[in-house]
Amino acid sequence: MKIWENYQLDQINRLEPRAHFSTFPTKEKALLNENKYTHAFKNLNGVWKFLLVDAPEYSPSKFYEPDFDTGEMADIKVPGNWQVQGYGKMHYSDLWYNFPINPPYVPTENPTGIYKRQFSINESFRGKKIILRFCGVDSAYHVWVNGTEVGYSKGARNEAEFDITELVQEDAVNDLTVRVYQWSDGTYLEDQDMWWLSGIFRDVELLGVPTKGINDLKVVADLDDDYKNGLIDLSFTLRERKGQRIEVELIDSSGQEVLRQEITSEQESLQAEIPNVAQWTAETPELYQLLISVYEGEKLVEVIPQKVGFRNIRLAGEVFLVNGVAIKFKGVNRHDYNPRNGRVVSKEEIEEDIRLMKQFNINAVRTSHYPASYYLYDLCDEYGMYVIDETDLECHGFELTGKYDWISNDSDWELAYVSRMVRMIERDKNHPSIILWSLGNESAFGCNFVKMTEVAKKMDPTRLVHYEGDFDVEAADIYSTMYSWLEHPTKQPLMSTIIEKSKKPHILCEYGHAMGNGPGNLKEYQDLFYAHDKLQGGLIWEWFDHGIESYTEDGKKYYRYGGDFGDDPSNKDFCIDGMLMPDRTPSPSLYEYKKVIEPIQTTAIDLNKGEIELLSRFDFQDLKIFELHFSILEDETLIEDGTISLPSIPAREKAKLSLPYNLDLAPKPGASYFLNISYQLKATTAYAGKGYELASASFELPIKAAGVEILPNGKLQVNETQTTLSIEGTDFIVTFDTVRGTLLKLVRDGQTIVERGPKFTMWRAPISNDMEIINEMKKQYFLHLEHEIVESFDWKEIDQAVQITVNTINSTTNSAWHYKCTYSYTICGSGDVLFNLEGTPSGKIDSAPNMLPRLGVSMHVNKDMNQVNYLGRGPRENYTDSKEAGYLGVYRSTVEEMFTNYVVPQANGNRMDTRWVALTDDRGQGLFAADEAGFNFSTSYFEEADLDNAKHTCDLKEREYVVVNIDYKQNALGSYSCGQWQLEKYRTTFEKFNLSFRLTGFNAKEADAPALSHEVINVPL
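When the letters of the sequence shown are read in order and numbered with our numbering, they come out as residues 174 to 1194.
So, in structure tokens, the structure goes:
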């Protein structure tokens, strides 16, 4: 058997797993906690020599020797994945193995990377034990130093250390060779939803540690039953157990020493109680500094720094508690990912991630689906983030074989399973941020998971065990599900079943599939979480779009995804499913999530008196950390503002406040008034500066005066030809095609403003969350192939107006169902066009789809009209099941800014509850549309067909006009790419509708858009 196919061989000469920590020669340097100041450290990252061969057997003779000629080898960056550096083949899949399933065997053609580099060590390594550490290598690998084989390891996302003390020469150049195998028996356990990427992708380090120092340490920092005093249990192992004494110091965040104790090396443990400790939680990440000093006689051998957080985790009936509270996870799933470097991420990138998560109210991370880079855990400890630490284990490809538990329930594979979990726990055991140990992901269930649970609980009884694949919760402590539905057409949805029947705490380890435009329904899930203690929150799938940064020939950046590299089979754009776009731009869904999980819920009591009620959604933190900033706006004009500091409001408590504003004003006719509230940090924190907003609220005030009544008088001239009808006023012309029944153009002051008038449509470009119904929409109902048949076109003159009525039949290719539509236009002497569209379901109604993408009209507007001003929900796109972050107000933007540039082009940019919108050029000439009842609208430079047909952003070509959509309804988003489809209450159905609005060409130098919005058009009919 080939060694890389020997599933019962886990390693050769690899050191026993241990906690990841550093050792320093003095306390002063230990407190700096930088690698530079350790006893001896050398980072081996950089440019290595590299050769890729088709299989291990094709390796050149004696490639591992120091004198091997590397002249023909290429240069490659370490850490790095060789595929993103131009070697081998890029491949993305969510599910499948890329070779026949016959464990433990892998393809004969097994791409193999040979890495070589030289290094030297200085005198700081003299007399030390020298350890070579690999932080991540995919998938399995052998190591040689100076021509001697050091050992072998596998488990791609786990650290491996080798003792090379006897092989390294101090006064000479040393040779290091690593041979990496793309496929190994370990690959059967590494079938995660991500790009298949190989090579040395995490740090390579050389450590020099004292021979009489500490080899491993375990710190348990718990709380007593009253959650008041801290209980610290420190244990460690020494490399040489004789003659040392150990001094332990514990220092609180203010620098005060709270514990100092000496023990002998023979004891190897310490237990102590610390009175009145500050608790660690994600909201209050209080850390103590532990210093462990080892002495030989009076000589200081080493000092080890370790951050400590006191917290308690326990099961209590149907809930699990952190410090006595049934917390709520408001989390995300996160991969190590970079759009240029694959799975190579720096500490700085991870820190940016954590800071951004905190700024968006996220409090939990699941390390899907493997242990993350070790930097992440320190940062989660520091910033405050609950962590579900997940074993590097997924066997998803077996699901389609009919024997999903093929190796999960085969005890011969026990070592392979248990080893990965043990290595994770040993490395990460000292981090307070880790709440749950997760056994892996999507690998069915079986005896190996039972054994993993047993071992995990023996190793660490202070934490709980999670595994979603344990459907009957035989071994795990938590009942975990994915994408559980809120409602279902044929059976009781799982969320209801869990509420009624489950006796275990529940989390959704994945939900809210953030693929493209979406997800919807986040508020409905969060409301359920808040309503039931046993529902302890969930984690969105996922944090980051996994696009590969690419450029067109003319240098335009875009992002490729599965299938773009000839990879087959591939799940295509299923990897583009994050709340962060590949360029780290937060998607609209991240702002929606921030709002849904914000720490303060605001309810209006009596806005005339400024009375509101605050409900804290914190689990631990007091709301006194916030200042409340309020502002009152008349349309978009600030008329009053103020600031108050919030009083002490404990976590999960309510309080009433009275805002000091005065509404004793004479309202402007037709104007709208808004109260905006912003909850901002009173002081700078680790993740955000003073004044940063974490929660907000907005209300329309009960102030309204009737608008200014306008009699739209003016003389009209009507000109009719065989196929056109033109209505001309003092400074405008409106022209219709009498055959097609469409408004051809609207001209104001000689400038064409509308280039094609309102045309009924039921279609919008599919969004990623439509992926499961695209075939139904296009191949069964042909919703993208619309037809309008004109039955009649009539017009008549009334008092200083012309009224046009167009009756149509609207449907799609091969459909027996249709809408009977009536377009009504009233062209006033003032130039105002009053538009109404009425649609009645007709034909074979039973054969119509149960859901339509939209009901509305589309227009073409002069491309110069690129400035947008509107009163509606904003500032970002919003939809009926994703509108919590969309506040009613007056906003200014541009056509370009209103377009959300998703990696995969799709429908976007909708704004709900719009009362008026204006598009103007740089001189104030433009188009105004309004209706007090409200409508949806969007603008862009692309037709729906353009968005539908483009695979990437670089495929989009701007039209020579602006597309303006005004809709009666836009369908919901849902999460049906993976999860709940559109809820019934949010669906656009085959229903009767009526859409009305005023359409006016205007010049802002006469009256701007807000002024026009104050008008009430009175047309005598």
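Idealized CB from N, CA, C, for every residue including glycine.
Practice task
Would you kindly report the start and end of the unbroken beta strand (DSSP E) that includes phenylalanine 223?
Solution key: 219-226
- Kindly provide the ranges of any alpha helix (DSSP H) runs that are 4 or more residues long and lie completely inside the region 699-778, ordered along the chain. 761-769
For the beta strand (DSSP E) that proline 931 lies in, which residues bound it at each end?
924-934
Coarse secondary structure for glutamate 527, derived from DSSP in three states:
Note on identity: in this sequence residue 527 is isoleucine, with glutamate being the wrong assignment. Helix.
So, are the CB atoms of glutamate 493 and aspartate 248 less than 8 Å apart?
It should be noted that the sequence gives phenylalanine, not glutamate, for residue 493. No, the Cβ-Cβ distance between phenylalanine 493 and aspartate 248 is not below 8 Å.
key: Outcome for phenylalanine 644 when other beta-carbon atoms lying within 10 angstroms are tallied against a minimum of 16   = exposed
Straight-line gap, isoleucine 713 to serine 760 (C-alpha atoms, nearest Å):
13 Å
>> Taking 8 Å as the threshold (C-beta atoms), are methionine 594 and methionine 625 in contact?
In response: yes
query: Cβ atoms of methionine 655 and tyrosine 698: under 8 Å apart, would you say?
result: no
Could you check if arginine 757 is buried or exposed, using at least 16 other CB atoms within 10 Å of its CB as the buried criterion? exposed
Could you tell me the alpha carbon to alpha carbon distance between glycine 570 and tyrosine 954, rounded to whole angstroms? 34 Å
Q.
Quick check on the DSSP output: what are the complete alpha helix (DSSP H) runs of length 4 or more inside the region 568-655, in order along the chain?
A. 587-601 and 620-632
Coarse secondary structure for methionine 950, derived from DSSP in three states:
helix
(message) Would tyrosine 860 and tyrosine 548 be called neighbours here (beta carbons separated by less than 8 Å)?
(response) no
Measure the CB-CB distance between tyrosine 992 and asparagine 983 and report whether it falls below 8 Å.
-> yes
Report task. For the alpha helix (DSSP H) containing leucine 667, list its first residue and its last residue. Result -> 667-674
Worksheet item: What are the partner residues of leucine 473, as DSSP defines its beta bridges?
Response: Tyr468
Checklist entry - Helix, strand or coil: which one does DSSP assign to phenylalanine 909? => result strand
Original post:
Does the beta-carbon distance from asparagine 942 to serine 1148 come in below 8 Å?
Top reply: yes
* Asked: What's the gap between the Cα of valine 323 and the Cα of phenylalanine 702?
  -> 52 Å
Determine the closest residue to serine 293 out of Gly328, Asn208, Leu956 and Glu343, with distance taken between C-alpha atoms.
Glu343
Under the three-state DSSP convention, the category proline 1183 falls into
helix
Fill in: glutamate 459 beta carbon less than 8 Å from that of alanine 150
Since the first residue of the chain shown is 174 and the last is 1194, residue 150 is not available in this structure.
**Request:** Quick one: using the 10 Å Cβ neighbour count with 16 as the cut-off for buried, is methionine 597 buried or exposed?
**Result:** buried
(request) Using a threshold of 8 Å, state whether the C-beta atoms of glycine 1004 and alanine 974 are closer than that. (result) no
Exercise. What is the DSSP secondary structure of aspartate 814, counted as helix, strand or coil?
Worked result: strand
Item to complete: Put threonine 995 into one of helix, strand or coil per three-state DSSP.
Response: strand
Checklist entry - Touch check for the region 297-314 and the region 206-219: three-plus C-beta pairs under 8 Å? => result yes
Pop quiz: threonine 1161 and asparagine 1144 are said to be a contact at Cβ under 8 Å. What is the actual Cβ separation, rounded to whole angstroms? 4 Å
Out of Glu1131, Glu587 and Trp369, point me to the one whose CA is closest to phenylalanine 1072's CA.
-> Glu1131
>> Which complete beta strand (DSSP E) runs does the region 992-1068 hold, if anything under 3 residues is left out?
In response: 1005-1016, 1027-1035, 1040-1047 and 1060-1067
- Message: Can you give me the C-alpha to C-alpha distance between phenylalanine 847 and aspartate 814, rounded to a whole angstrom?
- Response: 11 Å
Review point. Measuring CA to CA, which of Thr934, Glu332, Ser581 and Phe966 is closest to alanine 192?
Key: Glu332
Sorted by chain position, which residues of the same chain lie with C-beta nearer than 7 Å to serine 869's C-beta, five sequence neighbours on each side aside? Ile850, Ser851 and Tyr852
- For leucine 780, the three-state DSSP class (helix, strand or coil): helix
**OP:** Can you say whether valine 310 is buried or exposed, counting buried as having 16 or more other CB atoms within 10 angstroms of its CB?
**Re:** buried
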